[in-house]
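Under the numbering used here, the residue at position 430 of the sequence shown is numbered 418, and the numbers go up by one with no gaps.
In what follows, a structure is listed as structure tokens, so that the remarks can point back to it.
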Amino acid sequence: MVTLIFSLLAFSTLAMLVYSIVFLQLYSQRKKIIYLYFSIFTGVAIFWSLGTALMLFSKSTNIITFGYWLFLIAPMVSTLFILFFCQLFIKGRSETKYVLGPVFIVLYAVFLAINDQLFSVQFASSGTNAIMPNSTFYIFYGLYFIAYFDLSIFTLRRHRQQKDLVKYLQAKNIVYGTGLTGSLGIITNIFLPAIGITQYVWLGPIFSLFFLSFATIAIARYKLFDIRTAILRSTTYIFTIAILAGTYSVLVVGVLGSAILGSNADTLQWGILSIITAGIAVAFAPLHNFFNKFSNRLFYRDAYEPQELLDELNKELISNIEVDQLLQKSAKVINRYIKSGFCIFEIKKTDSEPQRVIGPDKDSLDNRQIQDIRLLAPNAKVKTVITDELEDNQSDLQKKLRKNDIAVLVRLTDQPEKPIEGIGHIVLGFKKSGNPYSSADIKILEIIADELVITIQNALRFEEIQNFSKTLQDKVDDATHKLRKANEKLVALDQTKDDFISMASHQLRTPLTSVKGYVSMVLEGDAGKVNEKQKELLNQSFVSSQRMVYLIADLLNVSRLRTGKFIIDSKPTNLADVVEGEISQLQETAEGRGLKLTYDKPKNFPTLMLDETKTRQVIMNFADNAIYYTPSGGNIKVVLEDRAQSVEFRVEDDGIGVPMNEQHHLFGKFYRAGNAKKARPDGTGLGLFMAKKVIVAQKGSIIFRSKEGHGSTFGFSFAKEPLLPENFEGFSKDEEHETSQTTKKPKTKQSAKKS
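Right, here's the structure in full:
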């Protein structure tokens, strides 16, 4: 039994020693206080084992007392630093106020020790000593352990509410290890001794192995600490020192000792010691280098320099802009350093390219497998998906990743916390060495992913620009073809429309002329005497017939403009008589609408070369519009002036006017102002359009002024000198057909033609 206890204590002490050395190495390399806390926790536990052994097996009261002090103080310090470790691991800071607990316990123990009341001992002739602690002291001692272990476990359990899955799994294992070690240790080392059962206190240090086991799981599986470097360095020193110590011990004791110490031991001992020291000094460096290389190959086969990886990758990112070439070379660089089974990139579909799998090992996955994984990956809500660390709620993704031998999936997105797809993934297989991906590997992969997100986006834009010319040309060709077809249809429809308007206008013109003629004959009494009422009605019919004739003439002129057959038939015209004739026809209509229509005919007015019929239409249109768009009680003044250089015709009214924002559209084909549509719904919008064409074709200009609600002025003016019969040389076809779509021809003089 004694041998078993010694063996277990020695084994636990060795385990604690290894952990203490490893984490001291980590602390010396990285200067992180969390490594120091962990090394103190494990290192102090060694004294717990030592004190337990001295207390149970020594036959000296002083040594038992010393062992008992180690037995008491080492667990207090160890428990305190495991609490500091838990606080720093979860909160990022430790609260030193908890040091007061161990200080109070030690002071109380000193007080009892001075009075010989701390404990009593019963020596055993064989087996273990029986230690009887002070019951009152053990109550405080037990409360301390219960409080501090509960604080540690409570601190760790708080991390269950956090979103970091890996850290949660790390904390869970530390919780299990701390809880199991603390619970069992309190039973065997606190509760049972308090009631007089002390033969099981040696189990306390052994229970520390439970904590180390769960900590090992957290380190090895969930990357709690990257201890490979520390193990490498520790192993190197252990092997070196062990070999040197063993070799020189054998040489000194086995060879030199027996031969030399017999004659002059005192003198030769110092010489031998000097030789051994010199030998150690000479052999240490090469032997250390040898074991350094050996342990490097043994424990650190996947080692690489992260900065070298980033530098080489950056060279590729700078020197390549095409997506496929860029990612092909990047995959080779990553694979060469990280030594994964395969490394490929998956880039999702863009507007110009389908989904792509890029890399030297792209045959490892097909598009369908990538599609399934791509849809599931964003649900993990982490940037890097590690297959072995996925929880149960991600079992579908985990199965698909394992089925395809994927160890790590890095999402190429700048918003990893959101379930969005990003632009693609870095896909890596399991390492060729069989080792898991370390925290350093994951960190470097995430740095690479951050750089690649921007680089790939730029490369995709460049790719779009490259494809733009071809895509644009295809779209232009397609659109041109469609436009050509549509234009052919429109031309055919337009021709049909023109033919219909022309035919309908010609067909309507003859019967209207007949109607107008017969109404005129009845008015003149050719069919008998006409009373006033009949005369009024017939006058309205005659005016309406005349308006219809003008409308048909407008339609014909529009059709002629389209076909290039719009011709100005100039002949000597007395514009004063023309205006008088048109205005006289509208007098009764104006009076019937309660309007005052006035015209002062000039006494002497020059004869001008104009197209009388078309000019008459313009005059009628301006005057007719004034009548219809002027409210009852309004005034309309028609003015014809013979000026020094020009002649001017105006129709001035105080009607509804034209809104300012619509005036620039007014002379467009089929356009009518909004207020005009309300006042006269049956208008066509052709009158002003044709009026402008007629006047401009005769080298005149349109007069237009208007203010909404205050009336309008419509008219035209001509330069007088060119239109006098003795000076008139006719109009060129280009001037006559100003808005025609026919090809312009050189100007030629022509005599007036009759329409």
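Quick reminder that beta carbons are idealized off the backbone N, C-alpha and C, glycines included.
Secondary structure of residue i, DSSP reduced to three states
i	result
Asp254	With a pLDDT of only 49 at Asp254, under 50, the local geometry of the prediction cannot be trusted, and the value read off the model is given with reservation. Correct three-state label for Asp254: helix.
Asp750	What the structure shows of the chain is the stretch from -11 to 743, and residue 750 is not part of that stretch, so it cannot be assessed.
Asn103	coil
Thr686	It is worth fixing the name first, because residue 686 is Gln in this sequence and not Thr. Here Gln686 sits in coil by DSSP.
Gln110	strand
Ile70	helix
Arg344	strand
Arg693	strand
Phe716	coil
Pro121	strand
Phe706	strand
Ser48	coil
Glu293	coil
Lys517	coil
Gly699	strand
Lys625	strand
Ile332	strand
Ala632	coil
Val396	strand
Val503	helix
Thr372	strand
Euclidean distance between Cα positions of residue i and residue j
i	j	result
Leu539	Gly675	8 angstroms
Leu448	Glu310	8 angstroms
Val567	Ile691	16 angstroms
Lys602	Val682	7 angstroms
Thr459	Pro342	15 angstroms
Lys473	Lys485	18 angstroms
Met648	Leu500	38 angstroms
Pro424	Tyr292	15 angstroms
Glu709	Asp462	59 angstroms
Tyr325	Gly422	15 angstroms
Thr1	Tyr129	23 angstroms
Tyr506	Ala541	20 angstroms
Met64	Lys391	49 angstroms
Phe92	Lys85	12 angstroms
Glu465	Ser457	Position check: residue 465 holds Asp in this sequence, whereas Glu was assumed. When rounded, the distance between both Cα atoms is 12 angstroms.
Val537	Asn609	12 angstroms
Thr53	Leu397	59 angstroms
Ile444	His469	36 angstroms
Glu334	Ala428	23 angstroms
Leu511	Ala614	26 angstroms
Leu385	Val373	10 angstroms
Gly242	Gly184	Model confidence at Gly242 stands at a pLDDT of 47, short of 50, so the residue's coordinates are unreliable; what they give is reported in the following sentence. Their backbone Cα atoms lie some 51 angstroms apart in a straight line.
Ile432	Pro404	16 angstroms
Arg660	Leu654	7 angstroms
Leu416	Gly347	11 angstroms
Lys337	Arg344	7 angstroms
Phe202	Gln313	46 angstroms
Tyr164	Ile78	15 angstroms
His698	Phe637	20 angstroms
Buried or exposed by the 16-neighbour rule on C-beta atoms within 10 Å, applied to residue i
i	result
Asn161	buried
Phe111	exposed
Ser48	exposed
Leu88	exposed
Leu802	What is shown of the chain runs -11 to 743, which leaves residue 802 out entirely.
Phe99	exposed
Phe125	buried
Phe69	buried
Lys685	In the sequence as presented, Lys is not what sits at residue 685; that position holds Ala. By the neighbour-count rule (16 or more Cβ atoms within 10 Å), Ala685 is buried.
Gln158	buried
His652	exposed
Met509	exposed
Near the ligand SAM: residue i beta-carbon under 8 angstroms from a heavy atom
i	result
Ile332	Here there are no bound small molecules, and the ligand SAM is not part of this structure.
At what residue ranges does the region 399 to 477 contain a whole run of the beta strand (DSSP E), taking only runs of 3 or more? 412 to 417
Within 8 angstroms, do at least three Cβ pairs link the region 74 to 94 to the region 123 to 143? yes
With a floor of 4 residues, list each alpha helix (DSSP H) that falls wholly inside the region 556 to 603, ordered by position along the chain. 563 to 580
Is it a yes or a no for the region 352 to 371 touching the region 394 to 411, going by three-plus beta-carbon pairs under 8 angstroms? yes
Which ranges does the alpha helix (DSSP H) cover as unbroken runs of at least 4 residues, wholly within the region 651 to 680, from first to last along the chain? 662 to 667
With three or more C-beta pairs closer than 8 angstroms as the rule, is the region 619 to 631 touching the region 585 to 592? yes
Please give me, in chain order, every unbroken run of the alpha helix (DSSP H) with length at least 4 that falls completely inside the region 127 to 208. 153 to 174, 191 to 208
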